[in-house]
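Notes for the one structure printed next.
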Amino acid sequence: MIELTNVSKTYKKRSVIANISFTVPLGKIIGIVGENGSGKSTILKMIAGLLQPTTGTVTVNGENAHRRISKHVSYLSDRDSFYPFFTVREAIAYQASQFSDFNLAKAEEIMAYMALDPDKKISALSKGNRGRLKIVLTLARNVPYLLMDEPLSGLDPMVRHAIVKGMISYLDLETQTLIMTSHEISEIEPILDSFIAIKDGALVRKTEVEHLHESEGLGITDWMKKAYLE
Amino acid sequence: MAAWAASFKKDFRLTRSFFFVGLVMNLMILSLTLFITHGDNLYPFIPLLAVVALHVFYLPLFLFTSLRTEAGHLHLWLHNPQSAAALLLSKILNGLIMTIISLIVLYAMAGLLLISRFHLIEPHWTDTWMAGWLIFVHVILISVGIGVWVILLWSLYHALKYRIGRWNWLVILAAVILPSWIGSLFDSSSLYKMLTQWGSLEMNFPTFSIDPIPAYAGEYLYHFIITVGLFYLSAWIMDRKAEV
Numbered sequence: 001m002i003e004l005t006n007v008s009k010t011y012k013k014r015s016v017i018a019n020i021s022f023t024v025p026l027g028k029i030i031g032i033v034g035e036n037g038s039g040k041s042t043i044l045k046m047i048a049g050l051l052q053p054t055t056g057t058v059t060v061n062g063e064n065a066h067r068r069i070s071k072h073v074s075y076l077s078d079r080d081s082f083y084p085f086f087t088v089r090e091a092i093a094y095q096a097s098q099f100s101d102f103n104l105a106k107a108e109e110i111m112a113y114m115a116l117d118p119d120k121k122i123s124a125l126s127k128g129n130r131g132r133l134k135i136v137l138t139l140a141r142n143v144p145y146l147l148m149d150e151p152l153s154g155l156d157p158m159v160r161h162a163i164v165k166g167m168i169s170y171l172d173l174e175t176q177t178l179i180m181t182s183h184e185i186s187e188i189e190p191i192l193d194s195f196i197a198i199k200d201g202a203l204v205r206k207t208e209v210e211h212l213h214e215s216e217g218l219g220i221t222d223w224m225k226k227a228y229l230e
Numbered sequence: 231m232a233a234w235a236a237s238f239k240k241d242f243r244l245t246r247s248f249f250f251v252g253l254v255m256n257l258m259i260l261s262l263t264l265f266i267t268h269g270d271n272l273y274p275f276i277p278l279l280a281v282v283a284l285h286v287f288y289l290p291l292f293l294f295t296s297l298r299t300e301a302g303h304l305h306l307w308l309h310n311p312q313s314a315a316a317l318l319l320s321k322i323l324n325g326l327i328m329t330i331i332s333l334i335v336l337y338a339m340a341g342l343l344l345i346s347r348f349h350l351i352e353p354h355w356t357d358t359w360m361a362g363w364l365i366f367v368h369v370i371l372i373s374v375g376i377g378v379w380v381i382l383l384w385s386l387y388h389a390l391k392y393r394i395g396r397w398n399w400l401v402i403l404a405a406v407i408l409p410s411w412i413g414s415l416f417d418s419s420s421l422y423k424m425l426t427q428w429g430s431l432e433m434n435f436p437t438f439s440i441d442p443i444p445a446y447a448g449e450y451l452y453h454f455i456i457t458v459g460l461f462y463l464s465a466w467i468m469d470r471k472a473e474v
């Protein structure tokens, strides 16, 4: 289980996350939604142990999250960065060498699904294909928690739906949880079990998507328009 | 071990241009030396010796270059189950191998220049040979010592960049000046002498007209412990405090 307890994060003097607490169990697909700069990426980085909370605690399976929590967590950054000298195949082999839980066969399968050329240099890939490669590298790990920060960014609208569908099929929802942020909320909403809404670093709502549909008759985007703008 | 070996190969590819540029610079310095020096004298060795001495900065510069490249996509490097010590050792070993190869190339160049001038140093050959080895070893030792400081300051910077903001560089500066000042005070104390001045390794060069150079095994051990301590402190900061 991922557990955030009274977590705040301040960059220099600017508060980015303000006293947030929530837990995430295994076997769920959870979306973190909010405006630009609301703190979504910061939350994912704290769970990945790549940022430290200013106050409060972040634990993954009971262990304080520091960078070596990567043994339990697979993290996809919103930044478009790779070692550019690798080919797609070399990037996958490097990831496999670093993470003992990396499933090479699964990576090959996802790579084929994503229509990536294994011999192409990363520096020669389009932004969309680099985005696909990030998904391959993250999704092919057999870890309990996968964190994806804007995984659909840079992908053509025509293929987003297929890629989201693919992402689901490669997840093992009995043993894995996927937490993702995305601005393409309508694309990811059908696959989400629940969502966490953040505004100005504070937790606005954490609920089941189905519950939102049933109780308020709204989708996430419509609810956000109501809750954030009114 | 396979994970570390893959990191090692990746680190080499990340910084190989640094290595090849260094080798080309060595060749350029040799060419320049041959171009500007003439006659049967030892002047061509002066620039080569200067470049050998400058190799104390080779590993620190290499580490700075490598770490600065990683800083451009820090999550890629730090989102990794290997310990920071292992990740850093991969870089240090890459840099050390490159330093040693670069020094060997320079020494080989010096050897080639020496063939026709051997008669000039023949009476001092044993001492020259010994001095050459000692310079080689000490350049590497000093280089590692400074390199570990580069790593420490880099990890401190990445641990503090979101906490302190614009005063970050002041803290980094203080992290250099304060320990250096305390270190120099300690080095001149009688406690330091008592702790380190054992196991004399005095270096004698009878055919050079210079006094014997005092050295102690205790001093080497002291600096080794300090270097290892600073390395593990840097690794701890990277594992627990550095932020992306």
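Read top to bottom, the protein sequences are chains P and G. Just so you know, we're using the working numbering here: the first sequence kicks off at 1 and counts up by one. Just so you know, we're using the working numbering here: the second sequence kicks off at 231 and counts up by one. Just so you know, even glycine gets a beta-carbon here, dropped at the ideal spot from N, CA and C.
Could you compute how far the alpha carbon of residue i sits from the alpha carbon of residue j?
i: P/Ile32; j: P/Ile196; result: 5 Å
i: G/Tyr422; j: G/Phe416; result: 6 Å
i: G/Met424; j: G/Pro442; result: 21 Å
i: G/Ile327; j: G/Ser420; result: 38 Å
i: P/Leu212; j: P/Ile179; result: 18 Å
i: P/Val24; j: G/His368; result: 55 Å
i: P/Leu192; j: P/Ile30; result: 6 Å
i: G/Gly269; j: G/Ser247; result: 36 Å
i: P/Phe86; j: P/Arg141; result: 19 Å
i: G/Leu289; j: P/Asp156; result: 45 Å
i: G/Met360; j: G/Gln312; result: 40 Å
i: G/Ala315; j: G/Ser464; result: 8 Å
i: G/Leu400; j: G/Gly459; result: 23 Å
i: G/Asn310; j: G/Ala232; result: 14 Å
i: P/Gln98; j: P/Val136; result: 15 Å
i: G/Phe454; j: G/Asp469; result: 22 Å
i: P/Ile69; j: P/Gly49; result: 6 Å
i: G/Trp466; j: G/Leu386; result: 10 Å
i: G/Leu403; j: G/His303; result: 25 Å
i: G/Phe348; j: P/Lys121; result: 51 Å
i: P/Leu4; j: G/Gln427; result: 54 Å
i: G/Phe249; j: G/Leu364; result: 23 Å
i: P/Thr221; j: P/Tyr83; result: 36 Å
Any idea which residues DSSP pairs residue i with across the strands?
i: G/Phe294; result: Paired residues: none, contrary to the question.
i: P/Leu147; result: P/Tyr75 and P/Ile179
i: P/Leu203; result: P/Ile198
i: P/Ile20; result: P/Val7
i: P/Thr59; result: P/Glu3 and P/Asn64
i: G/Ser430; result: G/Tyr446
i: P/Thr87; result: P/Lys121
i: P/Lys34; result: Strictly speaking, residue 34 of chain P in this sequence is Gly, with Lys absent from that position. BP columns for P/Gly34 point to P/Ile198.
i: P/Ser15; result: P/Thr10
i: P/Phe102; result: P/Arg141
i: P/Ile29; result: P/Leu178
i: P/Glu109; result: For P/Glu109, which the question treats as bridged, DSSP gives no partner whatsoever.
i: P/Glu208; result: P/Ser194
Have a look at the options and flag the residue whose alpha-carbon is nearest the alpha-carbon of residue i.
i: G/Ala405; options: G/Trp384, G/Tyr392, G/Arg393 and G/Arg396; result: G/Trp384
i: P/Thr207; options: P/Trp223, P/Phe99 and P/Ile168; result: P/Trp223
i: G/Val474; options: P/Asp78, P/Arg141 and P/Ile20; result: P/Asp78
i: P/Leu218; options: P/Asp149, P/Asp200, P/Pro190 and P/Arg89; result: P/Pro190
i: P/Leu76; options: P/Glu35, P/Ile43 and P/Gly56; result: P/Ile43
i: P/Glu187; options: P/Glu174, P/Leu173 and P/Glu150; result: P/Glu150
i: G/Leu350; options: G/Phe275, G/Val380 and G/Leu291; result: G/Phe275
i: P/Glu90; options: G/Arg243, G/Asn256 and G/Ile322; result: G/Arg243
i: P/Asn61; options: P/Pro53, P/Thr55 and P/Lys71; result: P/Lys71
i: P/Thr57; options: P/Lys226, P/Glu184 and P/Lys9; result: P/Lys9
i: P/Val73; options: P/Ala227, P/Arg160, P/Ile2 and P/Tyr228; result: P/Ile2
i: P/Ile185; options: P/Ala112, P/Ser153 and P/Arg67; result: P/Ser153
i: G/Lys501; options: P/Ala93, P/Ala124, P/Thr5 and P/Glu174; result: Because chain G in this structure spans residues 231 to 474, residue 501 of chain G falls outside the shown range and cannot be described.
i: G/Leu260; options: G/Phe292, G/Phe250, G/Leu279 and G/Thr245; result: G/Leu279
i: P/Ile20; options: P/Glu214, P/Met46, P/Val143 and P/Lys225; result: P/Met46
i: G/Pro409; options: G/Phe249, G/Thr437 and G/Trp379; result: G/Trp379
i: P/Pro144; options: P/Glu174, P/Leu104, P/Ile220 and P/Met167; result: P/Glu174
Listed from N- to C-terminal order along the chain, which residues in the region 312–335 of chain G have their beta-carbon within a distance smaller than 9 Å of any beta-carbon of chain P?
Gln312, Ser313 and Ala314
Along the region 384–411 of chain G, where does the CB come closer than 7 Å to a CB of chain P? Name the residues.
Tyr392 and Gly395
Between the region 37–52 of chain P and chain G, which residues of the former have a C-beta closer than 7 Å to a C-beta of the latter?
Lys45, Ala48, Leu50, Leu51 and Gln52
Ordered list of alpha helix (DSSP H) runs contained in the region 279–324 of chain G, each at least 4 residues
288–301 and 304–308
Between the region 65–77 of chain P and chain G, which residues of the former have CB atoms less than 7 Å from a CB of the latter, in chain order?
His66, Arg67, Arg68, Ser70, Lys71, Tyr75 and Ser77
Looking at chain G, which residues of the region 9–28 of chain P have a Cβ within less than 7 Å of any of its Cβ atoms?
Tyr11 and Lys12
Proximal residues, the region 157–185 of chain P versus chain G, C-beta separation under 9 Å:
none
Against chain P: residues of the region 416–428 of chain G by CB proximity under 9 Å
none
Quick one: which residues of the region 441–462 of chain G get their C-beta closer than 8 Å to a C-beta of chain P? List them in chain order.
none
Would you list, in sequence order, the uninterrupted alpha helix (DSSP H) runs of no fewer than 4 residues that lie entirely inside the region 368–430 of chain G?
398–417 and 420–426
Residues, ordered as in the chain, of the region 238–252 of chain G that lie near chain P by beta-carbon distance below 8 Å
Lys240, Arg243 and Leu244
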